[in-house]
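Notes follow once the structure below has been shown.
Protein chains: 2
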Amino acid sequence: MSEPDKKEITPEEAPENGKGIRNSGNTSETGNRKTKGDFDLAAVYVSDAQYNRNIFFDTTPQAIRLYLLYNHWGFQILVYAFILVDLALAIFEDPAVVPLPIWVTSVIELVCLAAFTARLVHYAKVIPRERFWKDPKNICIFAIILLSLVDMIIYGALKASGFYAVRWSRVLRPLLLVNITEGRQLRRAFRSIRNALPQILYVFLLFMFSVLMFSLMALKLFGKRGLKTIEGRPYFTNYLEIVFDLYVLVTTANSPDIMMPAYNFSVYFAVFFITYILINTYIFMSVFLAVVYNNYKKYLKEEVRKLVRAKRHKMVRAFGVLQERKGEEEPVVSQACWNQLVRLVQPDISNAHRELLWSVSDDNNKGCIGKVAFVQLADLLNIQVIMMKSRPHPLKTWLPSLYLSSPSRLVCRMVQHKAFMYTYDLIILVNAVFIGLDEEDPLIANVEWAFLVLYLLEILLKLYSFEPRAFFSRHQFWNWFDTIIVITALIAMIINSALKLCYTSRQILDIVFILRILRLIRVVDNIKRLGGQGLPFPVVYYIFAMVGMELFKGKIRFFEANSTDPDKAFCGNALLKNSVFAKHNYCKNNFNNIVSSFILLLELTVVNQCGFTAVTHISARMFFVLFHIVVVIIIINIFIAFVLEAFFVEYTVDQSNLQSSLEKKIEELELGVKQYVPDSFLSACFLPGYKTVDGLLQRMFEADLDPENFADDEDFDPNNPSNLNFPNPNFDSV
Amino acid sequence: MSEPDKKEITPEEAPENGKGIRNSGNTSETGNRKTKGDFDLAAVYVSDAQYNRNIFFDTTPQAIRLYLLYNHWGFQILVYAFILVDLALAIFEDPAVVPLPIWVTSVIELVCLAAFTARLVHYAKVIPRERFWKDPKNICIFAIILLSLVDMIIYGALKASGFYAVRWSRVLRPLLLVNITEGRQLRRAFRSIRNALPQILYVFLLFMFSVLMFSLMALKLFGKRGLKTIEGRPYFTNYLEIVFDLYVLVTTANSPDIMMPAYNFSVYFAVFFITYILINTYIFMSVFLAVVYNNYKKYLKEEVRKLVRAKRHKMVRAFGVLQERKGEEEPVVSQACWNQLVRLVQPDISNAHRELLWSVSDDNNKGCIGKVAFVQLADLLNIQVIMMKSRPHPLKTWLPSLYLSSPSRLVCRMVQHKAFMYTYDLIILVNAVFIGLDEEDPLIANVEWAFLVLYLLEILLKLYSFEPRAFFSRHQFWNWFDTIIVITALIAMIINSALKLCYTSRQILDIVFILRILRLIRVVDNIKRLGGQGLPFPVVYYIFAMVGMELFKGKIRFFEANSTDPDKAFCGNALLKNSVFAKHNYCKNNFNNIVSSFILLLELTVVNQCGFTAVTHISARMFFVLFHIVVVIIIINIFIAFVLEAFFVEYTVDQSNLQSSLEKKIEELELGVKQYVPDSFLSACFLPGYKTVDGLLQRMFEADLDPENFADDEDFDPNNPSNLNFPNPNFDSV
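Protein chains in written order, with our numbering: chain G, 49 to 782; chain E, 49 to 782.
Here it is in structure tokens:
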């Protein structure tokens with residue numbers, strides 16, 4: 049349990065209330081006192097544990113200060129902003145949505161690259177040199193910056209001399225998102241993909257074998273019968289075409305078209321396609337999901353276990369820095385030290401919140417806590433606790449006799465009852481029905497006024513029965529939302545009737561009301577936590593969009609509805625004459641710029657319609673097959689696996705132990721609070737669960753993780769190189 | 049050893065080797081001796097436990113004999129045959145594939161109904177009267193028979209007087225499959241659907257709410273813009289149409305068509321559709337899967353637990369009938385009794401197999417077994433053990449010097465090596481490639497001969513190195529398969545070259561070879577066990593086919609390719625003029641007979657294309673929505689859930705304890721056997737896992753079931769009515 053640069057502590061001198069701690073400057077004084085440097089170091093450990101950062105920083109005071117700066121939220125936002133700008137350059141580069149001259153985009157890109165370089169240099173200053181070059185992430189970023197520069201120079205030179213040039217380095221840009229220090233969750237998602245790959249590959253080979261065999265059978269069964277497709281082409285005569293068609297059938301995109309010629313010829317041939325769909329669409333796709341889900345669960349558990357071990361290890365280090373030993377007893381940390389530490393880690397924490405956390409940690413009021421209780425701190429800080437000041441309603445102060453009268457009390461009780469909420473949910477639903485009805489009828493138009501009055505009444509009633517400052521506090525998102533929506537609607541309707549405006553403003557009004565219906569979304573509120581796992585999508589989409597744009601840009605043109613160009617009938621490409629693609633007016637589904645590329649890729653995710661492979665060489669179909677494999681077979685299945693797992697956690701796992709002990713404590717304390725402030729309408733604390741995806745993950749597997757078991761930590765030595773080479777390099781650089 | 053009709057045993061008299069048992073006739077003598085009635089009763093209990101039958105039969109000797117008859121495999125096959133005939137009547141009834149006069153189908157149906165009635169009466173004789181009428185299954189069958197009769201009379205009368213009539217009772221026919229005593233697995237599948245319903249309903253309401261809200265937004269966003277669909281109809285102007293279109297978008301069937309008009313108008317509208325697809329297709333569909341999977345796991349575990357409890361209870365009863373008590377000791381069953389019992393339960397069991405099972409049960413060679421070991425019997429009998437007689441190769445007897453020479457031994461070792469199998473797998477793959485190549489080339493045609501010779505060589509080599517009777521034993525399916533395929537191919541090729549036949553017979557030959565490729569399927573051999581869970585499909589499909597046929601029969605006509613009828617352009621229905629349905633030549637996708645109905649429903653499962661709702665009232669769309677809800681949202685998800693669970697079991701759960709102890713025992717015994725028969729080429733026993741789906745299910749949850757815990761059984765009283773009303777009536781009539 050020794051520490052990198054821990055100083056000596058004697059418990060006698062540690063002050064009891066945390067106020068008497070002397071700052072001893074930057075000198076790394078030895079002796080019995082804890083220096084500012086010690087607290088900084090401990091705070092960094094706790095903060096790293098809290099946010100699951102695994103950076104092996106230098107422990108010299110200078111390096112720690114640099115490291116604190118590196119972790120400053122401002123710099124983190126700046127990095128993301130520069131990456132966003134870098135990625136957004138695709139909008140302005142050829143093929144562009146909004147064309148800009150090359151020199152403008154190049155300058156912007158250079159600025160971005162400079163920023164990434166600066167960040168990388170900063171990181172290199174924080175961690176030891178040899179560790180910096182051992183980390184593949186740093187090498188990756190370095191390579192991306194270098195390759196981008198090389199590509200820019202080559203591209204500029206080629207363009208200047210009039211040659212055809214490709215900005216190939218653009219596919220590397222989204223990889224920055226994966227490799228920056230903050231991209232932990234994204235890396236985890238990619239790791240779970242990589243871990244599932246061997247098994248997916250095995251099933252995929254079986255699957256492809258099945259597709260190839262069925263194609264062979266199809267060739268033998270249908271090839272010589274002279275059947276024609278609906279477009280008049282020969283049906284199932286070329287082996288590779290059959291393979292592609294049957295592969296697309298797995299995505300169900302060309303069902304039942306691909307089967308119709310054979311089915312029209314003989315009803316028995318339907319058996320072939322039914323068997324094919326049963327085996328390849330249903331069984332194989334389910335097995336893909338099973339493989340991905342199985343691997344996902346297995347490796348995620350392992351990663352979370354490592355995460356928790358690393359977290360504990362950091363907390364033990366922080367404890368080591370701050371511990372005091374009284375004689376033969378177990379080392380402890382005093383409340384004063386603890387307070388100082390928490391204020392350093394989370395400067396904006398309120399005193400009440402901090403005291404609550406202390407009372408949870410120091411359950412027996414001993415004034416100091418041992419290692420086990422101290423280690424909880426990182427998790428405790430991750431539980432979102434909203435402290436509310438319970439103030440009396442202003443009306444109670446101004447008109448106490450009226451506000452405390454029994455009719456007034458009845459109103460307050462009614463509004464605070466759950467039925468009030470449900471009543472208004474119902475009113476919103478009825479409103480939705482009226483919006484759907486024919487609005488030409490003046491009666492129905494007037495009903496809108498009635499609804500508006502009802503909504504206004506709701507807000508006023510709530511303001512009457514709840515304390516207004518609490519009602520409009522920072523965390524009451526839906527209250528703000530409701531109020532803004534209703535006031536906007538009120539203003540819009542008044543303007544509308546005052547100016548006798550025509551239909552358009554009515555329409556805006558309707559949309560405002562429909563937005564209000566979003567309020568009902570709160571029932572599925574925790575879907576947002578799933579967001580973290582969807583992250584691989586943008587990275588993969590961006591890469592495919594870049595490649596797709598180089599392959600297909602300008603091959604298909606979109607004509608406005610009022611265009612009379614004769615090329616409109618075949619999307620400006622004679623190869624598409626009479627194709628289903630052109631007939632269905634899909635011309636806007638093209639790779640002509642980044643926006644339409646993204647929309648097209650989303651369409652391809654849903655249904656792999658790839659009509660326009662006709663415009664280029666047949667091998668471009670590989671692009672669509674590859675996209676299907678990567679996005680539908682792998683990433684969507686990981687997404688589904690996460691939904692399944694999160695759902696099971698929601699339904700089967702109880703609250704975390706820590707969260708329930710915190711809630712218990714709050715209830716205990718509240719009991720006391722309530723006696724003094726009888727009309728506090730909001731419970732003093734809200735606990736909407738863990739703040740972070742990491743927290744959710746930890747909760748998922750908490751049942752398997754023994755919170756008291758420190759034996760693991762003993763054999764976890766971050767300086768041991770074997771721990772640096774996890775099969776899944778979860779720790780950024782520990 | 050002893051004979052099937054053995055009578056009294058006194059433990060003292062029971063000889064150690066089971067040969068001296070005296071027969072004492074059919075008297076139901078009491079006392080220390082066990083009568084034939086006792087053995088019959090015990091055998092029925094064991095057999096019920098083995099096959100998880102839960103029928104509360106009378107225990108009088110007459111009832112037991114009737115019950116044994118009821119369970120006779122001949123009667124069970126007859127019942128299935130009659131149900132199959134009854135279901136197949138749909139082929140001959142109007143709208144018919146092969147029309148038969150009404151009187152013919154009616155007579156056949158009457159015969160079937162008579163058979164079902166006879167079976168029901170037989171069942172009523174076996175179990176107590178009051179239990180018979182308490183069982184909803186019996187009432188169900190009774191009602192189905194009665195309603196079918198009523199329907200036949202009404203239909204006949206209406207037809208005779210020239211009115212329009214509907215054979216509505218046909219939708220009830222598949223319910224027979226669910227309600228017969230043997231339909232346990234099907235009932236379990238339906239129960240798991242029913243159990244998931246409340247949660248599915250909740251998610252479904254949220255989902256429909258989301259669809260309705262998005263439709264409302266779509267109406268407001270697009271309704272007044274005067275957009276047109278590709279077919280020229282107004283785009284998104286009618287609320288109900290929008291709801292339907294957006295519902296279909298969830299199935300991805302009309303993507304991207306439904307989005308194109310809005311997307312062509314403005315690129316920003318794509319955001320609406322992307323949000324919609326993300327929420328409703330991906331998130332909601334994943335949540336449906338999660339809900340179904342979660343419920344599936346939960347209730348299946350509960351059911352398997354009950355199944356195991358009931359099985360143990362029956363085995364304890366059988367033990368109670370046969371037990372002997374020596375003084376103060378625990379009651380036991382002697383080997384002689386046990387042998388007699390096993391022979392009664394499984395008359396075709398070999399002596400070696402029975403002795404193996406005994407040696408597993410009586411691990412310490414005490415000559416008798418206690419309750420715990422006895423209860424295992426039902427599971428032991430369910431483990432498939434194939435006993436092989438190890439005979440010397442005939443060539444060894446005829447030409448020992450040649451067969452035992454070292455080159456001959458080398459050949460045998462080579463053929464028995466795994467590499468031999470892989471080599472031939474590779475040869476089959478190469479053959480597949482050659483089949484895919486252009487067969488006009490005479491060289492390639494001749495290559496076929498080479499492959500045929502290789503395959504013949506393989507079979508001859510195997511016959512040389514393996515004992516021929518063992519090679520062609522009953523359980524060696526793939527050996528039979530290979531041999532038949534190769535010999536068929538040989539005969540076909542000889543005839544082909546002798547008669548100089550043209551292409552057609554070559555094609556047959558190719559198909560024969562492709563069939564051979566099926567041999568490679570053995571890698572995914574255990575997929576067949578999934579069959580049990582797919583069973584709900586036929587029942588649901590049949591019901592939907594019946595309803596669909598009444599709704600849509602004759603509305604769409606299919607014209608042969610060479611037809612010149614002008615109606616061909618719109619499938620014989622003017623309402624389909626210029627529709628996408630007719631343009632794509634989907635006319636054969638209709639409900640005109642049971643075969644095309646089934647194929648169409650399968651297509652609807654894959655992609656819910658419902659183009660021909662145009663031919664009838666718009667409310668017929670409900671049929672398609674309902675089909676999607678029932679089949680895609682519920683049944684397919686249950687299927688996927690089963691695949692997921694079975695996959696996890698395959699990869700994570702080890703063999704059952706019983707199975708491994710059996711295998712250990714076999715290894716012990718084999719060691720002795722091998723010394724005497726050194727050239728036995730097949731291991732004496734194969735253990736291809738559990739025979740039944742029930743066995744697989746039990747293995748899935750074995751970890752949670754304590755095999756030694758009999759406490760459960762004590763409080764499980766089959767005579768207690770509360771045990772008769774399980775929330776899931778898993779026990780047929782216990």
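For each residue, glycine too, the CB sits at the ideal point set by N, CA and C.
Below 8 Å on the Cβ atoms is my guess for residue i versus residue j; work out the distance and round it to an integer in Å.
i: residue 251 (chain G); j: residue 336 (chain G); result: 6 Å
i: residue 297 (chain E); j: residue 324 (chain E); result: 7 Å
i: residue 258 (chain G); j: residue 312 (chain G); result: The Cβ separation is near 25 Å, so there is no contact.
i: residue 606 (chain E); j: residue 636 (chain E); result: 5 Å
i: residue 691 (chain E); j: residue 338 (chain G); result: 6 Å
i: residue 400 (chain G); j: residue 409 (chain G); result: Not a contact, Cβ separation roughly 15 Å.
i: residue 224 (chain G); j: residue 131 (chain G); result: 5 Å
Are the C-beta atoms of residue i and some chain E residue less than 8 Å apart?
i: residue 303 (chain G); result: yes
i: residue 264 (chain G); result: yes
i: residue 588 (chain G); result: no
i: residue 625 (chain G); result: no
i: residue 632 (chain G); result: yes
i: residue 240 (chain G); result: no
i: residue 289 (chain G); result: no
i: residue 212 (chain G); result: no
i: residue 308 (chain G); result: yes
i: residue 729 (chain G); result: In this prediction, residue 729 (chain G) has a pLDDT of 33, which is less than 50 and means its spatial position is unreliable; nothing more can be read from the coordinates.
i: residue 278 (chain G); result: yes
i: residue 636 (chain G); result: yes
Based on DSSP bridge pairs, tell me the residues matched to residue i.
i: residue 382 (chain G); result: G:416
i: residue 276 (chain G); result: G:282
i: residue 372 (chain E); result: E:380
Check the Cβ-Cβ distances between residue i and every residue of chain G, and say whether any is below 8 Å.
i: residue 574 (chain E); result: Reliability fails at residue 574 (chain E), whose pLDDT of 49 lies under 50, so the model's placement of it is uncertain and no value is given.
i: residue 244 (chain E); result: no
i: residue 171 (chain E); result: no
i: residue 350 (chain E); result: no
i: residue 618 (chain E); result: no
i: residue 650 (chain E); result: yes
i: residue 474 (chain E); result: no
Could you list which residues in chain G have their beta carbon closer than 7 Å to that of residue i, in chain order?
i: residue 374 (chain E); result: Here the premise fails: no neighbours, minimum Cβ distance about 48 Å.
i: residue 611 (chain E); result: Near residue 611 (chain E) there are no residues of chain G at all, since even the closest Cβ is about 11 Å away, more than 7 Å.
Using a C-beta to C-beta distance shorter than 9 Å, which residues of chain E count as neighbours of residue i?
i: residue 673 (chain G); result: Correct list: empty, because the minimum Cβ distance to chain E is about 18 Å.
i: residue 679 (chain G); result: Chain E residues near residue 679 (chain G): none, gap ~12 Å exceeds 9 Å.
Taking Cβ-Cβ distances shorter than 8 Å, what residues in chain E pair up with residue i?
i: residue 480 (chain G); result: 260, 261, 264
Please specify which runs of the alpha helix (DSSP H), each continuous and at least 4 residues long, are wholly inside the segment 422-483 of chain E, giving them in chain order.
-> Within the segment 422-483 of chain E, the runs of alpha helix (DSSP H) that reach at least 4 residues and sit entirely inside it are, in chain order, 425-430, 442-446, 448-451, 454-464.
Contained alpha helix (DSSP H) runs [length at least 4] in the segment 71-151 of chain G, N- to C-terminal order = Correct list: 84-98, 109-118, 121-136.
Kindly provide the ranges of any beta strand (DSSP E) runs that are 3 or more residues long and lie completely inside the segment 172-214 of chain E, ordered along the chain.
-> none
Runs of alpha helix (DSSP H) wholly within the segment 277-342 of chain G (minimum 4 residues, chain order) | 287-298, 308-313, 317-324
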